[in-house]
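Here the structure is laid out as structure tokens; the discussion comes afterwards.
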Amino acid sequence: MKFSHQIQFNAVPDWADYYLPYSNLKKLIYLIEKERVANKGHRLSIDLEDGGEIPPSEQTALISDDPVEQENRQFVNSLNKSLDKIVKFYAKKETELYDEMDELVGDFEYLNRHDVAVAAQLRRLSTTSDQQQEQQEEHEQERAIRSNTNQLPRRESNVEGDSFLPANIISKNVTGTDPAALEVPTHIPPPNSSRGPMWPREAMYDVVELRKRTVDLFVLLSELKSFVALNLTAFAKILKKYDKITNNNLKRYYTSTYVTQAYPFKTATKARLNERIQQTERAYAILATGNNLDLAIEELKTHLREHIVWERNTVWRDLIGQERRTQTVGLSDAKPSAVHTPFGTLRITRDQVMNYLYMAACIVVFIVLMRAELFDTVEQNRCLAILVFASMLWAGEVMPLFVTALLVPFLIITLRVMRSDDGHYTRLNAPDATKRVFGAMFSPVIMLLLGGFAIAGALSKFGIAKSMATYVLSKAGTRPSRVLIVNMMVATVASMWISNVAAPVLCFSLIQPILRTLPVDSKFGPCLIIGIALASNLGGMASPISSPQNIIAIQNMNPAPSWAEWFIISIPLCIIGNLIIWLWLLYNYNPEKHTPQIHTIRANSDPINGTQIYVILVTLVTILLWCLAHSYEHIFGDMGVIAILPLIAFFGTGLLTKDDFNNFLWNVIMLAMGGIALGKAVESSGLLKTIASQIEAMVQGFSAFEVLFVFSCLVLVIATFISHTVAALIVLPIVAEVGSQLADPQPRMLVMGTAFVCSAAMGLPVSGFPNMNAISQENELGKPYLTTKDFLINGVPSSIFSMLCIATIGYGLMALIGF
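Now the structure itself:
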């Protein structure tokens with residue numbers, strides 16, 4: 001793995017801006033090299049501060065005790081800026097943590113009211129003799145000699161003794177520790193389980209709180225130590241690369257003159273930090289393990305590993321995503337078979353053969369429908385062929401969905417299925433059809449989707465979504481039933497703003513500490529994972545930007561619903577649906593029977609910064625304008641125009657970059673655009689009206705409620721087996737047309753209700769991304785938490801319950817607001 005990726009993976013995510021910008025400095029090195037090559041190997045003349053220049057012939061390649069040569073000034077200045085930033089951040093963080101440590105020691109002394117002897121031992125933690133200080137510095141120097149300064153510190157290991165802790169602390173006889181401070185008080189009965197002393201009942205709450213604060217402080221101090229070590233390694237590696245590429249000897253000069261003299265990297269500074277870490281270990285030993293320091297260190301290391309795994313999970317996933325964007329990663333276990341042909345040997349798998357056969361079947365059906373005369377006009381016959389062909393390709397996924405979506409406008413224009421809308425219904429030629437099709441594809445709905453991506457990107461990039469989620473989850477307590485419903489609600493709310501694709505990924509990352517501490521045979525793990533998946537599916541209906549099918553629904557509703565109208569209907573349905581699914585999961589798994597208590601999730605304690613406040617304000621203003629879109633229609637024209645505001649606010653200020661824009665889900669956008677083009681063709685050719693008339697004859701005399709129920713059952717079955725978005729693309733235009741032909745036209749009600757049912761289809765592992773993500777979750781032994789049986793037992797009933805809620809409660813809410 002490249003060091004630029006290593007530093008990203010090992011860095012504390014919330015401190016990411018304060019590490020050495022290794023990648024940027026590497027680019028600067030290559031720029032210097034490029035300038036050398038452009039000048040035929042001669043060094044460029046660099047302006048001095050007084051305006052003079054050093055001739056190239058007088059410049060040297062090596063660094064001596066003299067000031068750094070002018071050629072290296074740009075690089076050294078960049079290093080100095082980064083070093084100054086690191087020093088300021090370290091000083092600030094060190095002050096915060098040491099103040100918190102002093103406050104913790106003061107609270108230890110408060111226990112004097114409950115137990116004088118214990119308080120006397122705790123007070124010893126706040127004092128360290130000069131001999132301790134000198135011994136600590138000696139050990140620090142010994143470790144520096146033994147260790148390779150270019151080796152990245154390991155952040156996670158299952159090997160005993162591999163941690164951030166100094167070697168002299170891991171040993172049983174701790175050097176520099178007052179032996180009296182490690183003796184168990186004689187008046188306190190020794191614990192039966194060697195987990196800790198029997199505290200007085202009235203002091204129990206204080207001790208538990210102090211123990212939690214001690215663990216948190218140990219984690220933060222260890223993170224700070226890693227911050228120093230990682231930056232020191234980064235300086236060494238970037239200077240080594242600079243010397244190698246530019247043929248200089250800057251590393252030795254800069255390291256001795258600047259880096260080792262900086263406050264965070266001084267031996268005394270690191271010794272003080274190690275001393276504070278040792279104090280937390282001794283404090284935890286007294287509070288939790290009956291003065292068993294080895295056991296205390298082991299438990300603290302476990303907490304540290306859990307914290308690191310939890311915080312790095314999302315970072316690691318992002319790194320894998322970067323790799324997969326640059327090269328295709330094959331994960332199939334199928335072994336290719338060799339097929340000998342006159343042109344050579346082909347190696348194909350069984351899946352490839354099935355895809356080829358399915359593609360051939362799709363083409364045969366397309367050709368047959370093109371030649372069939374099922375309708376009166378050639379436009380309708382050809383449009384039906386395109387509709388069936390695209391639907392089969394989408395359902396079978398023999399090629400990426402967005403590729404099929406791009407094929408749709410090509411077929412629409414070349415087969416000339418578009419007609420004029422002037423009342424004469426003449427067949428449009430290719431140039432006129434092109435203008436109509438592409439004009440419809442980039443609609444305000446697509447801009448709404450882009451605005452939603454911008455908001456989701458900002459909330460995710462600056463940790464706002466994660467901070468809010470962890471804060472709520474930290475209040476959930478330790479009862480499995482309560483933790484389950486809180487996680488489900490968090491997944492639903494996250495789906496509202498960062499899409500029901502990203503929400504389960506975030507939530508599965510947050511629950512890793514819980515899953516790691518569960519017994520092997522605990523039923524709470526599968527229960528929690530499938531609960532998050534089902535809740536994320538329900539969250540797909542929560543807001544207009546939470547899933548693509550909602551965007552397609554808005555495209556087929558005239559007038560489009562405001563966000564306020566959407567929330568009035570969707571939020572009650574999400575809450576009721578989550579409660580029903582929660583009760584069903586508790587009935588099936590009964591998690592509290594085998595797991596009465598679970599590990600809690602810690603909230604993010606970092607204060608909110610100005611950037612996060614700005615992102616939140618822009619998001620709230622945009623949502624408010626979306627809710628009031630109809631009131632300001634004379635100003636903005638459409639919600640898609642309002643969606644431009646977050647794009648300007650985030651990209652214009654540099655909070656989101658070009659890379660963030662490139663990482664938008666453009667495949668989803670292309671899929672939506674292809675669906676819009678297909679819907680336009682079905683409408684323009686007259687096929688939609690013909691099909692709707694036939695369906696209308698079948699539902700003659702049905703009320704709007706009965707029609708909604710019929711379409712809900714139909715769509716639930718379709719969307720369970722194929723993509724929710726594809727189901728919406730195929731069905732929603734027909735639903736809109738049927739609704740408009742009813743005796744009491746209610747097309748908006750039918751479209752919205754049917755779109756909600758698309759999100760509620762979650763009966764199989766392939767029914768939506770949250771389910772696919774859930775079934776891929778595995779424990780430490782590589783065993784999946786869920787099987788297809790779990791989805792059949794829980795997902796199918798949950799889908800039916802949700803569909804019934806939409807067809808009944810949802811119908812009532814839509815009728816109430818006049819849909």
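Using full-length UniProt numbering, read the sequence shown as starting at 1 and increasing by one per residue.
No residue lacks a Cβ here, since even glycine has one placed at the ideal position from N, Cα and C.
Contact check, residue i vs residue j, beta carbons under 8 Å
i, j, result
"Leu-83", "Ala-234", "no"
"Ala-465", "Trp-497", "yes"
"Asn-771", "Phe-791", "yes"
"Leu-293", "Glu-281", "yes"
"Val-437", "Lys-680", "yes"
"Gly-810", "Ser-767", "no"
"Ala-494", "Val-486", "no"
"Ala-761", "Leu-729", "no"
"Leu-217", "Glu-100", "yes"
"Ala-433", "Ile-412", "yes"
"Asn-578", "Ser-547", "no"
"Val-365", "Val-388", "yes"
"Ala-372", "Asn-381", "yes"
Three-state class that DSSP yields for residue i in the structure shown
i, result
"Glu-778", "strand"
"Leu-346", "strand"
"Arg-213", "helix"
"residue 821", "Not covered by the structure: residue 821. The range shown for the chain is 1 to 819."
"Pro-400", "coil"
"Ala-338", "strand"
"Pro-784", "strand"
"Arg-276", "helix"
"Tyr-19", "coil"
"Ile-363", "helix"
"Ser-703", "coil"
"Phe-664", "coil"
"Thr-302", "helix"
"Gly-812", "helix"
"Gly-439", "helix"
"Lys-93", "helix"
"Thr-595", "coil"
"Lys-475", "coil"
"Phe-801", "helix"
"Phe-235", "helix"
"Ile-806", "helix"
"Ala-181", "Low confidence applies to Ala-181: its pLDDT is 35, below 50, so where it sits in the model is not reliable, and the reading given next is rough at best. Reduced to three states, the DSSP call for Ala-181 is helix."
"Pro-190", "For Pro-190, the pLDDT reaches just 36, beneath the cut-off of 50, and the residue's location in the model is therefore unreliable, leaving the point undetermined."
"Ala-719", "helix"
"Pro-561", "coil"
"Asn-247", "coil"
"Ala-11", "coil"
"Phe-462", "coil"
"Lys-266", "coil"
"Ile-145", "For Ile-145, the predicted model reports a pLDDT of 38, less than 50, meaning its position is unreliable and no value from the coordinates is stated."
"Asn-773", "helix"
"Gln-746", "coil"
"Gly-654", "coil"
"Lys-88", "helix"
"Ala-643", "coil"
"Pro-765", "coil"
Among the options, nearest to residue i - alpha-carbon criterion
i, options, result
"Pro-544", "Trp-563, Gly-531, Asn-537, Glu-633", "Trp-563"
"Ala-378", "Asp-102, Gly-686, Leu-79, Pro-504", "The amino acid at residue 378 is misidentified as Ala; the sequence shows Val. Answer by Cα proximity: Gly-686."
"Asn-72", "Leu-816, Leu-210, Tyr-254", "Tyr-254"
"Met-488", "Lys-461, Gly-451, Ala-533", "Ala-533"
"Val-76", "Leu-104, Ala-91, Lys-26, Gly-106", "Lys-26"
"residue 906", "Val-105, Val-259, Asn-609, Lys-212", "Beyond the ends of the chain as shown, which are 1 and 819, falls residue 906; an answer cannot be given."
DSSP beta-bridge partners of residue i
i, result
"Arg-419", "Arg-427"
Whole-Å CB distance - residue i paired with residue j, under 8 Å assumed
i, j, result
"Leu-473", "Leu-510", "6 Å"
"Leu-230", "Glu-94", "With 8 Å as the limit, Leu-230 and Glu-94 do not qualify as a contact, their Cβ atoms being about 16 Å apart."
"Tyr-284", "Leu-300", "6 Å"
"Leu-210", "Leu-287", "6 Å"
"Ile-598", "Val-483", "6 Å"
"Pro-444", "Val-641", "7 Å"
"Trp-582", "Gly-525", "Going by Cβ atoms, the distance from Trp-582 to Gly-525 rounds to 16 Å, so no, they are not a contact pair."
The ligand NAD heavy atom lying under 7 Å from the CB of residue i
i, result
"Ile-245", "What this structure holds is no ligand at all, so the ligand NAD is not there to describe."
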